[in-house]
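**Student:**
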Amino acid sequence: MAKRGSHGRSALTRRGVLIAGAAGVAGVAVPRLGALAQATATPDIKAASSEGALVVWHGDQEADVVEFLKIFTQKTGVQTVQQRLLPGAALPKLEAEFRTGTSDVDAYMTSDAGIMENLRLQNRLVRYVPKEIDAYSESYRSAQPGWWTTYYINAGPMMYDPRYVSEDVAPKTWTDLLDPRWKGQIGFQNASAGTSYAFWFVMKDILPKDFFEKLAAQKPRAYSSSTQIQQDIERGDLKIGGRVSVFQYVKAMRAKNPVKAVFPEIGTPSVNQVVGIIGNTKRPNSAKIFVDYLTSREGQQSWNDIQGSPSARSDVKVEHVPDINSTKLLLPVNFPEYMNPARRREFTAIWNKMTGL
Amino acid sequence: MAALARALAGRPAGSAAFPRIGPEVWIPLVLLSGSLGYPCFLLVTSAFNVGDPQALPAVEYGIGNFIELGDHLDWIGNTLLIATGGTILGMAIGVGLAWIIHRTTVPGRGLFELLVAIPYPLGPLVGALAWSQLGAPRDGLINRFFVWATGADHPLINIYTPTGIIFVEAIFEAPVAVLIIGAAMQRMDPALEESSSVFGAGKVRTAFKITLPLMLPAILSAALFMFTSTIGSFAIPTILGTSARFYVATNAIYVLMQGYPPNYPLAAALGLVLVAMTGFAVWLVQRVLRKRSFAVISGRNYRPRLVDMRGWTWVMFAIVWAYIGLSLVLPLGTLVLASIQTSSALSFDPAVWTLKNYSYILFDFPTTRQAIVNSLILGVGTGTIGVACATLIAVAVHRSRSRGRKLLEQVTMLPQSIPRLIFAFGFFWMVLTLPVPLYGTLFAVLLAYIVVFLPLAYRGMSGVVVQIDRALEEAARVSGASAARVMRTVTVPLLRSGILATWALLFMVSVREISASLFLSGAHNPVLGPAIFSFWDSGGLPRVSALAVVQAVIILAALYAVRRFAGRELKI
Amino acid sequence: MSETREAHRFTAGQAARPAAEQANAYIEVRGLTAAYDGKVVVNDISFAVASGEHLSLLGPSGCGKSTTLRCIAGLETPVAGEIVIDGEPVFTSERRVNVPTEKRKLSMVFQSYAIWPHMSVFENVAYGLRVQRARESEVKERVAEVLRMVGMQELMMRPATELSGGQQQRVALARAYASRPKAILLDEPLSNLDARLRVRMREEIKELQHQFDLSTIYVTHDQEEAMAISDRIIVMRDGRIEQAGKPLDIYDAPRSRFVADFIGAANILAGSLEAAGPDGAPTLRVGEARVQCAPGSAPQTPDADGRHLIAVRTVYPELRREAALGGVNRWPATIARRVLLGDIVSYLVTWPGGELRVQSFPRDLFEEGETVLLHLPAHRVVPIAAE
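Chains as they are written, first to last, in my numbering: chain A, 1 to 357; chain B, 358 to 929; chain C, 930 to 1316.
1) With distance defined between alpha-carbon atoms, name the residue in B:D431, B:R816, B:T599, B:I420 nearest to V768 (chain B).
2) Can you tell me which of A:G236, A:L86, A:S196, A:A113 puts its alpha carbon nearest to the alpha carbon of R495 (chain B)?
3) Where does the unbroken alpha helix (DSSP H) through G447 (chain B) begin, and where does it stop?
4) If you draw a straight line from the alpha carbon of I289 (chain A) to that of V55 (chain A), how long is it in whole angstroms?
5) Can you give me the start and stop residues for the alpha helix (DSSP H) that P478 (chain B) sits inside?
6) Can you list the residues of chain B that G88 (chain A) reaches, using a CB-CB cut of under 7 Å?
7) Rounded to whole angstroms, how far is the Cβ of S1289 (chain C) from the Cβ of V1278 (chain C), which I believe are closer than 8 Å?
8) Under 8 Å, with one C-beta from each stretch per pair, do the region 347-356 of chain A and the region 180-198 of chain A reach the 3-pair mark?
9) Who are the neighbours of M1037 (chain C) on chain B, taking C-beta pairs under 7 Å?
10) Can the beta-carbon of M818 (chain B) be found less than 8 Å from the beta-carbon of A747 (chain B)?
11) Excluding the five sequence neighbours on either side, which residues of its own chain have a C-beta within less than 7 Å of the C-beta of L1058 (chain C), listed in chain order?
12) Grab the span of the alpha helix (DSSP H) containing M1165 (chain C) for me, first residue to last.
13) Can you name, in chain order, every residue of its own chain whose Cβ lies under 7 Å from the Cβ of P1231 (chain C), other than the five neighbours on each side?
14) Assuming M354 (chain A) is part of the alpha helix (DSSP H), what are its boundary residues?
15) For W640 (chain B), count neighbouring C-beta atoms within 10 Å of its own C-beta (all shown protein chains included) and say buried if the count is 16 or more, exposed if not.
16) Based on DSSP bridge pairs, tell me the residues matched to P1279 (chain C).
17) Between L862 (chain B) and L813 (chain B), how many whole angstroms is the CB-CB distance? I'm expecting something under 8 Å.
18) With C-beta atoms as the reference, is Q79 (chain A) less than 8 Å away from V65 (chain A)?
19) Should V1257 (chain C) and Q1229 (chain C) be called a contact, given that it needs their Cβ atoms to be closer than 8 Å?
20) Is A548 (chain B) close to chain C, meaning its C-beta is less than 8 Å from at least one C-beta of that chain?
21) 8 Å is my cut-off, CB to CB: does R4 (chain A) come that close to chain B?
22) Give the DSSP-derived three-state secondary structure of H881 (chain B) in the structure shown.
23) Would Y1056 (chain C) count as contacting chain B if we go by Cβ distances under 8 Å?
24) Measuring only the C-alpha atoms, how far is L1177 (chain C) from V978 (chain C)?
25) Please classify Q83 (chain A): does DSSP put it in a helix, a strand, or coil?
26) Tell me F976 (chain C)'s beta-bridge partners as DSSP assigns them.
27) Mind checking if A918 (chain B) is an interface residue toward chain E, Cβ cutoff 8 Å exclusive?
28) Count the other C-beta atoms from every protein chain shown that fall within 10 angstroms of the C-beta of Y160 (chain A), then say buried if there are 16 or more, exposed otherwise.
29) Determine the direct distance from the alpha carbon of Y395 (chain B) to that of F405 (chain B), and round the result to whole angstroms.
30) At 7 Å on the CB atoms, spell out the chain A contacts of T599 (chain B), in chain order.
31) From the DSSP output, which residues share a beta bridge with R1219 (chain C)?
32) List, in order along the chain, the chain C residues whose C-beta lies closer than 7 Å to that of A558 (chain B)?
33) Would you say G356 (chain A) lies against chain B (beta-carbon separation less than 8 Å)?
34) Which residues in the same chain have their Cβ closer than 8 Å to the Cβ of R1219 (chain C), if we skip the five residues on either side of it in sequence?
35) Establish whether the CB of H1047 (chain C) and some CB of chain B are separated by less than 8 Å.
36) Does the distance from the CB of G187 (chain A) to the CB of P220 (chain A) come in under 8 Å?
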């Protein structure tokens, strides 16, 4: 900093100004550059250990996430805490926290990539390109890699238990759900779930225009998770799961339950379950280590083994999981529309009404 | 403390011309008004917010939200349906049980009194979880038994209906009525009924013309408690109603708050409607009681006159056992059975039984481990601080001569008119917007618990304080003890059993609480109620049942401890 | 009063036979035994109340008097015995008869008055009549009548919560008389009132007794009350009857130390038995004095040390400013202490037999230290049994 001296010493030299100018520019530019550097910088394991427990938000089955996180901690030494929040609950909480500057979440795993995109546009994400990003094709990562990456594909077939629903009358395709015999016996997740949003978003353009109207007349029931749907199916209290996350099928297979999954020819609505790092994370190093692990081959095998879901990586295979290459999966493609909050509002109103709210 | 003590010494606060508000009154008044008023203010501003739903505070105001509620009158209608039905059924059960236990010669009354009180602290969450597995149309134990026994092709009951919800609400609230009415029965001079007999009135006439009218204040008081409680009830309608497409205000609010974008203003407006309904009920009962405030409550405890039921005795015996079965034995038994299962279908085959659900929640799953510990901490904290505050306030209201005592009492009791879920949602915002870093801490939950449970604590301590004969304290003062010393050596020891009983009650209700902590509990500060709820969401029935059993065990242990160390004085 | 008449009264009291046993008994109690929490509180007592008679059960708390009353009312069930009202057995333990309270057609005034707070004065008093399904006009008339008798007619429509203690008491009385009972039971009705009011109410009750002429059983622990209003008194102790008889008979001729102490104030003197005097009256040596007892009396059970007891009521010893010229039961004595109690003077007198308490009037006061002549009229000296 150039010093203003007395008349005696002329401290205002050109060099001083240059230095001052450089320092000023540096003062402004360095943090930005630093952020860019941060985005691609390799996480510092030593620094991570002093950051404290990593906070992970997700919308998956709590037990699966906890098991995975245990393995993660064993492998990397990073401590974690988790909380299950469906996107509908996570977003408002995140918003409120951001507004009041008290946000504390680090890694965010969600079934709604649109939300991630919105966060990115609001400068609320940290960009970090995972080490093994090359294993992910374009459909399974953010356009500019590093904002978010798919950690599993959540396909959503219909499901039923042949002990209570005989195979010959079971639905074969989506429009079969409109059969009056299923009135009051179809279950979906509620409007907070990203998978429900995707189901509506994708199917409204593929199925007949009045499909959802007629579906509403079937008086479907709303659940908080696919586990709840699966549970009621198994207990005989629900006949058809209208859209159930595919890993429930895999889990049922593992438990030797007779449940059946239906992947109609017209396609099965699915979502990318994505992971990203929240902007003002207090634990950037730990968060990056987490994303690295989750997207690595080892991590993907671990996670999808635990949950029973299809990985976006072609080199990860899990028993009983239907091959994503041979099943027609319908992922949301019109991203700008998918991300549009107005669409989400429209969906929430329709879905709530449909499920009786 | 010195100021409080001095004020309690009875020295007139200020002169007659300018009566002062002593610090023992204004300090709690200010604290309470702040912790109540700010959340309520946030709620109100949100309810009238017609602009950006997430603006905190709102900028655009209007009544649009209330108009929108007009489209959803079924939420309000359903709430009233459950509250009214639950109260009527609950009162019928409560009055009946109180009568049988305190006024008849049915054998085993001491044991009944104990057992009948248990379902209330165990709580609606445990009850709803258990009954969802007892009364599910296909897999519910009762229906399976019915089908097996009679070969019928349809279930006996379906708990996922408004009737089912009313039933579960009623059986878990009934103990409150039994306690309140039982206490009133013990304070009624039996001579009032005896003289009716002497003058020729038979048992029935005496019951209707004498006993019932005299019990009316207690009956109304219990009914009001039940009504306000069921209006704000969250766990039972959510667990039993949501998948049946049956929404009351509380679970509608919960869903509205989870939608994206969340509709806070509509939720707040709905919350305010609930508060209005509750407030109206409180006001109505107070008015009715004001005209009929006979001094039946004499402070003395009588042994009520027992009625020999002769041939009906065994019917009454069966009725009490039926209640205990439905509210305690069946639910706990079902939860234990469900907790040792490997899958969500209930099986009686011991080969599939396992304890791994327990080992999971107690050892493997860090969230639940932490949640259990946190809830114990919260229980102790709420009990201790809550009782201390309630005692100080009760003493200030009943013993000091400062002005504003009545106001202090009313402000203390105010939270009972605000359903806890609603209050918690305002409190959540307050915590977010305060400059103090409370968000995400256990302390925030503790504060919320203290405020919402203070009315309960105050009710308990106030009753005990009133019963202490002033002469006892005056005698100590005459012997030279300072006011603080009197409080320490005479008042507090005399209050001892009341303090223990109230502490235990606070401990139990805070351990089982879910509404007040749902929004405040998170990754860093898991709490048992919300943890059970989150488990119910995605954890699977065996594990959630195990966690519910753990919660029940904690509560039962507290109940046992209180009975052992403080006698039987559990008052509400 | 001549000595012979006193003697007659004495013997009549001594006989201790319930006066109205056979012919006129309206309420009869035989062999009544009642227990409570395993403890026997009424132990095989028998007595009878004549029609129109006022009988008091008098005794300290815990003696079983209230329990006896409640057994008669049917509010408690005795363990054994028989209760007959107006010729009809309402309770027989052998034949398992137990008429419920509401059918016994009695009235009762409770110690706490038991006025129903949620009704008006009128409704309280009318209650019994309405149970009997009397015509409303008759009810109105009767209620007004009894309220007038107790002086409460102006407060007829008031809610009961606005009444003072004394007013509640009167309403309770009115209620008791209104329903035309066969008999009235009163359980310590005056014990919650202050002294002045108690005396006044006592008068009123006596007045009402005369007007209605109903059999009455009155329970109290206050001997003054019992003396004032009873035709007969039964003194009870520990569940048994200590003594029964007319008030003055019990007063003059108590048979035990307990009764002597309980009714009025008495001096209890202990001494050794000496040779009998003229008329065979027992003589006791009490200290330095030789005391002659009432003629016709007999020495009672002595105490553990073999000494015999005699009782002299404090109002009976005579004090005179005369020289002690000797004679039966006359000694010189000194006034040791004098206490002025307003209408009464109490002297502590030192005499050859020790100390004696004497009550007198404020006329002709003696001074402390004064020497007087003490005369114990022989017929006032009653041998009593030691415990």
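Ideal Cβ positions, reconstructed from N, Cα and C, are used throughout, including at glycine.
**Tutor:** With the structure as the only source:
1) Counted from its first residue, the second sequence places residue 768 (chain B) at position 411. Comparing Cα positions, the closest option is B:R816.
2) Taking the first residue of the second sequence as position 1, residue 495 (chain B) is located at position 138. It is A:G236.
3) Taking the second sequence and counting its residues from 1, the one referred to as residue 447 (chain B) is at position 90. That run of the alpha helix (DSSP H) goes 430-460.
4) As a working note, residue 289 (chain A) is residue 289 in the first sequence. As a working note, residue 55 (chain A) is residue 55 in the first sequence. Each residue's Cα considered, the two are about 13 Å apart.
5) Walking along the second sequence from the start, residue 478 (chain B) turns up at place 121. Here the alpha helix (DSSP H) through P478 (chain B) covers 476-479.
6) If you number the first sequence from 1, residue 88 (chain A) lands on position 88. Going along chain B in sequence order, the residues near G88 (chain A) (Cβ under 7 Å) are Q615, G616, Y617.
7) Locating residue 1289 (chain C) in the third sequence gives position 360, where the first residue counts as 1. Locating residue 1278 (chain C) in the third sequence gives position 349, where the first residue counts as 1. That belief does not hold up - the Cβ atoms of S1289 (chain C) and V1278 (chain C) are roughly 10 Å apart, past 8 Å.
8) yes
9) What you label residue 1037 (chain C) is simply residue 108 of the third sequence in a count that begins at 1. Under the 7 Å cutoff, chain B gives S552, V555.
10) One-based indexing of the second sequence puts residue 818 (chain B) at position 461. One-based indexing of the second sequence puts residue 747 (chain B) at position 390. A contact, by the Cβ cut-off of 8 Å.
11) Looking up residue 1058 (chain C) in the third sequence gives position 129. Result list for L1058 (chain C): V1068, R1071, A1107, S1108, in chain order.
12) Position 236 of the third sequence, counted from the start, is the residue given in the question as residue 1165 (chain C). Segment 1161-1166 is the beta strand (DSSP E) holding M1165 (chain C); no alpha helix (DSSP H) there.
13) By one-based count along the third sequence, residue 1231 (chain C) stands at place 302. The residues are H1237, A1315.
14) Here residue 354 (chain A) is taken as the residue at index 354 of the first sequence, counted from 1. Its alpha helix (DSSP H) spans residues 341-354.
15) Counted from its first residue, the second sequence places residue 640 (chain B) at position 283. Exposed, because fewer than 16 other Cβ atoms sit within 10 Å of the Cβ of W640 (chain B).
16) For the purposes of this step, residue 1279 (chain C) is taken as residue 350 along the third sequence, with counting starting at 1. Strictly speaking, residue 1279 (chain C) in this sequence is Thr, with Pro absent from that position. Paired residues: C:T1263, C:E1284.
17) By 1-based counting over the second sequence, the position of residue 862 (chain B) is 505. By 1-based counting over the second sequence, the position of residue 813 (chain B) is 456. That pair is a contact at about 7 Å.
18) For the purposes of this step, residue 79 (chain A) is identified with residue 79 of the first sequence, where counting begins at 1. For the purposes of this step, residue 65 (chain A) is identified with residue 65 of the first sequence, where counting begins at 1. Result no, Cβ atoms of Q79 (chain A) and V65 (chain A) do not sit closer than 8 Å.
19) Here residue 1257 (chain C) corresponds to residue number 328 of the third sequence, with the count starting at 1. Here residue 1229 (chain C) corresponds to residue number 300 of the third sequence, with the count starting at 1. Their beta carbons are not under 8 Å apart, which means V1257 (chain C) does not touch Q1229 (chain C) by this criterion.
20) Position 191 of the second sequence, counting from 1, holds the residue named residue 548 (chain B). For A548 (chain B), the answer is yes, since a Cβ of chain C falls inside 8 Å of its Cβ.
21) The residue given as residue 4 (chain A) occupies position 4 in the first sequence. Note that R4 (chain A) has pLDDT 42, beneath the 50 cutoff, so the model's placement of it is unreliable and no number is given.
22) The residue labelled residue 881 (chain B) in the question sits at position 524 within the second sequence. DSSP places H881 (chain B) in coil when its eight states are reduced to three.
23) In the third sequence, the residue the question calls residue 1056 (chain C) occupies position 127. Yes, contact with chain B.
24) Counting from 1 along the third sequence, the entry for residue 1177 (chain C) is found at position 248. Counting from 1 along the third sequence, the entry for residue 978 (chain C) is found at position 49. C-alpha separation (whole angstroms): 18 Å.
25) Here residue 83 (chain A) corresponds to residue number 83 of the first sequence, with the count starting at 1. Residue state, collapsed to three classes: strand.
26) Mapped onto the third sequence, residue 976 (chain C) falls at position 47. According to DSSP, which records beta bridges pairwise, F976 (chain C) is partnered with C:V958.
27) As a matter of chain content, chain E is missing from the structure shown, whose protein chains are A, B and C.
28) Translated into positions along the first sequence, residue 160 (chain A) becomes position 160. Buried: at least 16 other Cβ atoms inside 10 Å.
29) Within the second sequence, the letter at position 48 stands for residue 405 (chain B). Within the second sequence, the letter at position 38 stands for residue 395 (chain B). Their Cα atoms are separated by approximately 16 Å.
30) Taking the first residue of the second sequence as 1, we reach residue 599 (chain B) at position 242. Neighbours of T599 (chain B) on chain A, chain order: A222.
31) Stepping through the third sequence from its first residue, residue 1219 (chain C) is reached at position 290. Answer is C:R1214.
32) Working through the second sequence from its first residue, we reach residue 558 (chain B) at position 201. Chain C residues near A558 (chain B): E1031, V1060.
33) Working through the first sequence from its first residue, we reach residue 356 (chain A) at position 356. True, the Cβ-Cβ gap to chain B drops below 8 Å.
34) Within the third sequence, numbered from 1, the residue matching residue 1219 (chain C) stands at position 290. Only E1203, T1212, L1213 meet the Cβ criterion.
35) On the third sequence, residue 1047 (chain C) is found 118 positions in, with the first residue counted as 1. By this cut-off, H1047 (chain C) is an interface position.
36) For the purposes of this step, residue 187 (chain A) is identified with residue 187 of the first sequence, where counting begins at 1. For the purposes of this step, residue 220 (chain A) is identified with residue 220 of the first sequence, where counting begins at 1. Yes, Cβ-Cβ distance for G187 (chain A) and P220 (chain A) is below 8 Å.
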